[in-house]
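Okay, so the sequence shown: first residue is 1 according to the UniProt record's numbering, each after it adds one.
To start, the structure under review is shown below, and the notes come after it.
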Amino acid sequence: MEKKDPETTNRRRTSSPPKLTKKNIKEGIEHVLQLTGPLEQEVITREFLIKLLEDHRDTITEDFLVSTKELKEEIKSLNTKLQENQDNLDSLKFDFLKQQEAYEMLNNKYSDIQKKLSDLGDRSRKINLRIRRVSEAIKNQEIKDDLFDFFKEIAT
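Printed below as a string of structure tokens:
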């Protein structure tokens, strides 16, 4: 079996076939003539081309099978990578949803704590009573005595 040039093989797979021009056909015929050796006649007949294709059918078929096998392996590899990426994406979506739920829960707790703190602040201010002329630095027993004296003064 004839060794293939990897660059030519890759080029054949990645680029479109050359356009059929008179120059390309002539070069192809000259290449065929070089492969087959000297001919008795310069005219290529239909029978000669059929025989030549039949002679190279196995090589062409083998090249085709190798190419399709490589393509199938590449497609299988791409499908595997695609499935892995899909699984990773699904996992990330699930993690994102869990994080979003946790964020919403923490945000709700934060709002509740803010409301409770505001309520506590309001309640603590409701209990406080400020009376002018009574010092805030006095102790509990003194407060009672001072308040008693203060209300006694107001009542009189």
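A virtual CB, placed ideally from N, CA and C, is assigned to each residue, including glycine.
C-alpha of isoleucine 75 to C-alpha of lysine 81: approximately 10 angstroms in a straight line. In the three-state DSSP reduction, arginine 46 falls in the helix class (H, G or I).
For arginine 132, the closest alpha carbon among the candidates Ile50, Ile143, Glu54 and Asp122 is that of Ile143. Contact between leucine 52 and valine 32 holds, since their C-beta atoms are separated by about 6 angstroms, short of 8 angstroms. In the three-state reduction of the DSSP assignment, arginine 132 falls in the coil class, being assigned neither a helical nor a strand state.
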